[in-house]
Amino acid sequence: MPYFLDSNVIIGYIFHTADHWGRAAVWAFEDPEPNHSGFAVQRECFGLCDTDSGKVRTVRKDVVRALRHVIYELKRGRTLDGIIGDENDRIREILADVRAVAADNPRRKADEILLSSLRAFEGEVIRRQKSVESGCTWHRRTAYYPEISAALNRDIPDGDDVTVVLDAHDVALTVPGLAYVSGDYNHIVHHTDTILAHTRIASVASPGAVPARVVLTIPGTSLH
Amino acid sequence: MSSMAKNPLLKYSVEALLVEANPVGGPLFRQTHLYKVLFLLHQSLKKREIDIGLPYCWYLHGPLIEATTFEEQTGTPLASYLQPDGSTVPVCHVHDEGPVDREKQIVLQEIKKILRKYRSKARWEEGYGARLVGDAYRLAPFSYQRTFKREYLDYLTSLANEPWLCEHAYDTISGNLLQYLDTLVKQFPENEMNELLDTYLAWDDTARLLVEVHEPLDDLSNRYWEIFCSLLRVRKNENVLTEVVEQWERSFFQALPLYDHEFETAHDEALGRLEQTPDKEIDPIVRRLMVYSRDACVRVRPREL
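Pasting the structure below:
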C-alpha cells in the first residue's frame, strides 16, 4: 500500500528514537511501499529552498544552540551542576544524562561528552534527512479542489491541515490505494470519515497502525 | 588664507609626525605604519594629558584611522597624506596655527620618543613594521583580539606556508589548534560582544570539526575575523562621528545572517565528511536529544514555523 506521509511521520523518522512513535515512523518510512508527500509537508519540515526555516532545521538549530552554550560555559570553567540549575526541564534531563556518563567514566570531561553527543545527534539527523529527501516522492499540487476544500473545511478547523489533505487527495488521483499516514490524531485521524467521504484517499492511518507485515522489513530500531 | 581646522592639534600632530618619520616620502613609512604610530602617539599623549582627538577604531589589522571624521576634523582628506603606492607623502609645510607652544613641544617629544624605538638614527630597524603592529596590539582592548589575530591567525598562516608539516605532524598541529580554540573560548568578550556569541559558537564548533576532518581553517577563520571586527569597530572606537558608527552598526547587523548561514553550511558539510564511530556510552544522551527535538517539532502548531 503506497503511503502519503504527514509531517509528524517524517519528523518522527528524522528525530528517531526507539519508542513506540519512533518505531512506527521507521516502519512507515522504511516499508518497501512507495512514499509520497506534498509541498506543504515539505515546506513545514524543511522550509522553502535555502531559507533558514522549516521545523526540522529550526528545532535542530535551537537544540544545537542551547548545547553549544552549555559547552561554552563548561569550557569557561562553570560546573555542570551550576549550569543544570539554569536550564529548562528538558535540557536539564539531557545534562543529567551527561553527568551520569561523566560519573561512570571520569576520564571523559562533560564538555567532551556533550560535544560527542551533539556530533552524533546532528550526524544522525542529517543522514536521516537526506534519506527522507531522496526516499520520498514530493508532489507539487497545481490543481485546486474548491468543493472538496469546502467540505473538509466544515469539519477540519485548521486550513493548513486541509491543504495537506488536498495534497494527498491530488496524489491519490494517480496513485490508487493511497494511505494517508499521520500521527496527528486530533487534527487528522479523528476526521478519517470526513476525509474518506470527500477525497480519493483510500485509508487514513496512524503510523502505529501500518500493516503488521512491514514490521518484518524494519531496520534501525537502534541509533547505529 | 586657509581657514583653521576644527582640530588643529590633530592636523599638526599628523604633519609633524610625517616630517619626522618620512621627510622625503620614502617607501618605508607607509599607511599602516602611519596609522599605528598615530595610535601610539595618541595613547602616549593621553598620559601627558593632551588629547589630539584621533578618530580611530579597532579593525582587521589593529587600530585604523577613520577617514570621514579625520577629514571633518582637519579639513584635509586622510588620503592626501598618502601616495598611490601606499607610502606617505613628504610634508613641506606643517600647519601649526592653533596649538599652543607647550602642546606642540610635547607632541614633538612624544613623536621622537616613539620613532626612536624603531629607528637607529634615521634608519628603520629590521622588523620595525611587525614591532609597530605588536606594540599597538599590546594596547588592544580585548585579549581575545590579540590571541586571535596575533597568535591563532599567524599560526594558521605558518601552517599554510608549510604544507608538508601538516601531513607529517597533524597530531601536534591539531593539539595546538584545539588549544588556541580553547583559549579563545575563555577570552571571548561576551559582555561587550554578546550579539556575536551565537555566531562565534557556530564558528568555533565548525573550526573544531574541520580539525577533526583534517581540513584547513584559514578561510573560515578569516571570514569569522571579518564579522568579529565588523562589531569590534562599533564597540571599540574613539572620536568617530556618531553617524559613521551607526552606519557600521547597521552594516554589522545586515551582514551577520550571511555569516551565520555560511558557517552553518560549512558545519553541515564538514559533519557530512566526519566518520563517527559508534559510542555506546553517549547513546542515552543522543536518544534524549532526539525525543526532545521531535517533541519540540510536533508541539508547534500551526504547521508552518
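Residue numbers (my numbering), protein chains in the order written: chain P, 452 to 675; chain B, 269 to 573. Cβ coordinates follow ideal geometry from the N, Cα and C atoms, glycine included.
- Contact between the region 407-420 of chain B and the region 432-440 of chain B is absent: fewer than 3 CB-CB pairs across the two stretches fall below 8 Å.
- A check of alpha carbon separations from Ala-491 (chain P) across P:Val-477, P:Arg-592, P:Ile-542 identifies P:Arg-592 as the nearest.
- Under DSSP, Val-632 (chain P) takes part in a beta bridge, and its partners are P:Leu-456, P:Ala-656.
- At a Cβ-Cβ threshold of 9 Å, Leu-478 (chain B) and Gly-574 (chain P) do not count as neighbours.
- Beta-bridge partners assigned by DSSP to Trp-326 (chain B): B:Pro-331.
- Taking a beta-carbon distance threshold of 9 Å, Arg-591 (chain P) does not count as an interface residue toward chain B.
- The region 509-529 of chain B and the region 478-489 of chain B do not touch, with fewer than three beta-carbon pairs separated by less than 8 Å.
- At the C-beta level, Val-622 (chain P) and Leu-629 (chain P) come within 9 Å of one another.
- Counting C-beta pairs closer than 8 Å gives fewer than three between the region 490-508 of chain B and the region 552-569 of chain B, which falls short of the contact rule.
- Contact between Ile-318 (chain B) and Ile-374 (chain B) holds: CB atoms are separated by about 6 Å, below the 8 Å threshold.
- The count of Cβ pairs closer than 8 Å, one atom from the region 284-301 of chain B and one from the region 355-368 of chain B, reaches three, so the stretches are in contact.
- Residue contact check for Gly-528 (chain P) against chain B: a CB pair falls below 9 Å.
- Counting only Cβ-Cβ distances below 8 Å, Gln-413 (chain B) has no contacts in chain P at all, with the closest Cβ about 18 Å away.
- DSSP, read as helix, strand or coil, puts Ser-271 (chain B) in coil.
- Beta-bridge partners of Ser-488 (chain P) (DSSP): P:Trp-589.
- Scanning P:Asp-606, P:Val-613, P:Lys-526 for the CA closest to the CA of Leu-565 (chain P) turns up P:Lys-526.
- Pro-276 (chain B): member of the alpha helix (DSSP H) spanning 276-289, first to last residue.
- Within the region 544-568 of chain B, contact with chain P at the beta-carbon level (separation under 7 Å) is assigned to Gln-544, Pro-546, Asp-547, Glu-549, Ile-550, Asp-551, Pro-552, Ile-553, Val-554, Arg-555, Arg-556, Leu-557, Met-558, Val-559, Tyr-560, Ser-561, Arg-562, Ala-564, Cys-565, Val-566, Val-568.
- Of all residues in the region 425-459 of chain B, only Asp-450, Val-453, Lys-454 come within less than 7 Å of chain P when Cβ atoms are compared, listed by chain position.
- Shortest Cα-Cα distance from Gly-397 (chain B) to any of B:Ile-382, B:Pro-552, B:Pro-291, B:His-363 involves B:Ile-382.
- The Cβ-Cβ distance between Gly-489 (chain P) and Asp-618 (chain P) falls below 9 Å.
- Linking Arg-555 (chain B) to Glu-460 (chain B) through their CA atoms gives a straight-line distance of about 37 Å.
- Residue pairing from DSSP places Leu-350 (chain B) in a beta bridge opposite B:Thr-356.
- The shortest C-alpha to C-alpha distance from Lys-581 (chain P) to any of P:Asn-459, P:Leu-456, P:Tyr-464 is the one to P:Tyr-464.
- Comparing alpha carbon positions, the residue from P:Ala-594, P:Tyr-636, P:Leu-624, P:Cys-587 closest to Ile-607 (chain P) is P:Tyr-636.
- Tyr-596 (chain P) sits away from Tyr-454 (chain P), with the two beta carbons spaced by 9 Å or more.
- A distance of 9 Å or more separates the beta carbons of Gly-330 (chain B) and Tyr-386 (chain B).
- Within the region 620-640 of chain P, contact with chain B at the beta-carbon level (separation under 9 Å) is assigned to Gly-634, Asp-635, His-638.
- Out of B:Ser-312, B:Pro-409, B:Val-512, B:Ile-550, the CA that lies nearest to the CA of Asp-548 (chain P) is found in B:Ile-550.
- For Val-512 (chain B), same chain residues with a beta-carbon under 7 Å away, outside a window of 5 residues either side, are Glu-334, Thr-336, Thr-337 in chain order.
- Residues of the same chain with a CB within less than 7 Å of the CB of Glu-339 (chain B), apart from the 5 flanking positions on each side, are Pro-345, Leu-346 in chain order.
- When DSSP states are grouped into helix, strand and coil, Arg-518 (chain B) belongs to the helix group.
- Shown in chain order are the members of the region 459-486 of chain B whose Cβ falls below 9 Å from a Cβ of chain P: Leu-465, Asp-466, Tyr-468, Leu-469, Ala-470, Asp-472, Asp-473, Arg-476, Leu-477, Glu-480.
- Excluding the 5 residues flanking it on each side, Met-452 (chain P) has same chain C-beta neighbours closer than 6 Å at Glu-484, Gly-628, Ala-630, in chain order.
- Bounds of any alpha helix (DSSP H) do not take in Tyr-386 (chain B), whose DSSP letter is neither H nor E.
- For Leu-456 (chain P), the CB contacts under 6 Å within the same chain, skipping 5 residues up- and downstream, are Asn-486, Ser-488, Val-632 in chain order.
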